[in-house]
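Colleague: So for the sequence shown, our numbering puts the first residue at 314; every next one is plus one. Glycine is no exception: its CB is placed at the ideal position from the N, C-alpha and C atoms. Keep in mind that this is a model prediction, so the values were computed, not measured.
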Amino acid sequence: MAFTIVILSIIIYNCIEANISNIKISLYLSIVAVLFSYSTIYLQGTRSHRQEEIRLIEKRLDNFYLPLHNLFIGYEQNPMDRYQEQKTKFLEIGCYSHLAEKEAFELFDKCQDDDSLIKLIDQVRKDINMLQNKYKEKTKDKGFFS
């Protein structure tokens, strides 16, 4: 946007200095209109990209991280008991493991005992905090052009 204003100022200055004819002024104004349109399209693309990032964070939290975290609440010391009780639910959540961060994804695939489940639960907590912070950052009001 600032770039467009600078270009417009330069063009107006040149029009006044050179006493350019009406045809050339129309051409200059057309160029400015194209630049302004480009900046508007760019801003819309940036806004759409940010909205898509927000939707992905929500999807990751809602479909993988929070259900997995909730599944093991109260079983942090001996998660294998909960795993045995709720194996079907664990596998259902596993359908969304592709949404996990790399480390959580690898830990999820290798869950075999209490130690690996404890590591997974710890990683899930860290990732939830990280994703919630990202979500807050992305959803902050960025002003008129955000």
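Within the same chain, show all residues whose beta-carbon is closer than 7 angstroms to that of C424, passing over the 5 residues directly before and after it, in chain order.
Modeller: Here residue 424 refers to the residue found at position 111 of the sequence shown. The residues are L430 and L433.
Colleague: On the premise that D440 lies in contact with E419, defined as a C-beta separation below 8 angstroms, what is that separation, rounded to the nearest angstrom?
Modeller: Counted from its first residue, the sequence shown places residue 419 at position 106. Counted from its first residue, the sequence shown places residue 440 at position 127. The Cβ separation is near 12 angstroms, so there is no contact.
Colleague: Okay, do the stretch 391-408 and the stretch 437-452 touch, 3+ Cβ pairs below 8 angstroms being the bar?
Modeller: With the cut-off at 8 angstroms, the stretch 391-408 and the stretch 437-452 do not touch.
Colleague: Whether or not the stretch 366-381 and the stretch 442-451 are in contact is what I'm after, with contact meaning three or more pairs of Cβ atoms, one per stretch, closer than 8 angstroms; do they touch?
Modeller: Enough Cβ pairs lie closer than 8 angstroms, so yes.
Colleague: Going by other Cβ atoms of all chains shown within 10 Å of its Cβ, with 16 needed for buried, is Y378 buried or exposed?
Modeller: Counted from its first residue, the sequence shown places residue 378 at position 65. Buried, by the Cβ-count rule.
Colleague: Identify, in the order they occur along the chain, each residue of the same chain with its Cβ nearer than 8 angstroms to the Cβ of N391, setting aside the five sequence neighbours on each side.
Modeller: As a working note, residue 391 is residue 78 in the sequence shown. Contacts found: D427.
Colleague: How big is the Cα-Cα spacing for Q357 and Q445?
Modeller: Taking the sequence shown and counting its residues from 1, the one referred to as residue 357 is at position 44. Taking the sequence shown and counting its residues from 1, the one referred to as residue 445 is at position 132. So the alpha carbons of these two residues sit roughly 25 angstroms apart.
Colleague: Can you tell me whether L444 is helix, strand or coil according to DSSP?
Modeller: Taking the first residue of the sequence shown as position 1, residue 444 is located at position 131. It is helical.
Colleague: I'd like the span of the alpha helix (DSSP H) that includes E405, first residue to last.
Modeller: As a working mapping, residue 405 is identified with position 92 in the sequence shown. It spans K400 to G407 - the alpha helix (DSSP H) in which E405 sits, taken as one unbroken run.
Colleague: For Y351, count the other beta carbons within 10 Å of its own beta carbon; 16 or more makes it buried, fewer makes it exposed. Which is it?
Modeller: Position 38 of the sequence shown, counting from 1, holds the residue named residue 351. When all chains shown are included, Y351 counts as exposed.
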